[in-house]
Amino acid sequence: MPAAQWRVETEAKEVYLTFDDGPIPDVTDFVLDELEHHGAKATFFCLGGNALGHPELMRRIRLEGHTIGHHTHDHTNGWKTSTQDYLREVQRGAVVTGGRLFRPPYGRMTPAQSKAVDRHFDIIMWDVLSKDYDVKLSGEDCLRRVQQYVRPGSIIVFHDSVKAWPRLQEALPATLSWLKAEGYAMRALKERE
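Sequential numbering from 23 applies to the sequence shown in our numbering.
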């Protein structure tokens with residue numbers, strides 16, 4: 023995926039927190055509360071279906087100064103979907119969430135899908151994956167992954183999903199506290215100009 027952004031080129035001690043798969047009541051509320059408590063901004067890659075179902079959370083994300091990107095309408099796996107069907111799902115998600123930032127579910131798209139998506143959207147990947155969705159890990163394990171791989175300009179992935187919730191509720195506050203103690207500013211991604 024040559025057109026994708028994997029991190030932000032910077033010498034500044036700043037990182038870019040991202041949350042995939044929401045918005046989900048209670049889980050996304052918790053994330054927003056923690057971000058506010060730690061003075062952090064983030065980017066939410068929302069599923070179109072979830073965004074339609076929870077407009078109040080979409081409003082809250084925007085009102086609190088975070089960036090919204092999209093993540094297809096129904097978490098479509100590019101490797102298991104025709105290019106035409108995949109692009110339809112990308113567009114469905116974009117219509118609901120708005121904006122140019124896009125993250126492919128599972129981080130997977132075929133070369134043809136990537137090329138087509140890149141014509142209309144900024145493809146955002148990551149260089150630090152918390153793995154908060156992995157039921158074999160603890161919240162502490164997710165924190166250690168961030169600590170091990172983070173560097174200035176890192177794009178860090180968490181999930182505001184029911185599946186990630188058991189680990190997220192421990193990992194996120196600990197990660198935010200650690201990043202702050204290490205002197206990192208936590209910022210939202212911006213669309214390319």
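Built from N, CA and C at the ideal position, the CB exists for glycine as well.
In this structure, Leu151 sits away from Ala62, with a CB-CB distance that is not shorter than 9 Å. One alpha carbon belongs to Ile178, the other to Gln170, and they sit about 12 Å apart. Under DSSP, Asp182 shares a beta bridge with no residue.
Taking one beta carbon from each stretch, the stretch 202-210 and the stretch 63-73 have 3 or more pairs nearer than 8 Å; the two touch. Residues of the same chain with a CB within less than 7 Å of the CB of Ala73, apart from the 5 flanking positions on each side, are Pro45, Met80, Val118 and Thr119 in chain order. With respect to the 9 Å criterion, Ala116 and Phe124 are classified as neighbours on the basis of their beta carbons. Counting other Cβ atoms within 10 Å of its Cβ, Trp148 reaches 16 or more and is therefore classed as buried. By the Cβ neighbour-count rule, His92 is buried, with 16 or more other Cβ atoms within 10 Å of its own. Using a Cβ distance threshold of 9 Å, Arg29 and Arg122 do not count as a contacting pair. Between Val37 and Gly129, the gap from beta carbon to beta carbon reaches 9 Å or more. Using a 10 angstroms sphere on the CB of Ala193, the tally of other CB atoms reaches 16 or more, which defines it as buried. Per the DSSP secondary-structure output, Cys68 pairs in a beta bridge with His92. CA-CA distance, Thr32 to Gly205, rounds to 15 Å. The beta carbon of Pro127 sits closer than 7 Å to those of His93, Thr94, His97, Thr98 and Asn99, all from its chain and outside the five residues before and after it, given in chain order. Taken in chain order, the whole beta strand (DSSP E) runs of length 3 or more contained in the stretch 154-215 are 177-181 and 207-209. Scanning Val184, Arg214, Glu162 and Asp42 for the CA closest to the CA of Pro195 turns up Glu162.
An exposed status is given to Gly75, since fewer than 16 other beta-carbon atoms sit within 10 Å of its beta-carbon.
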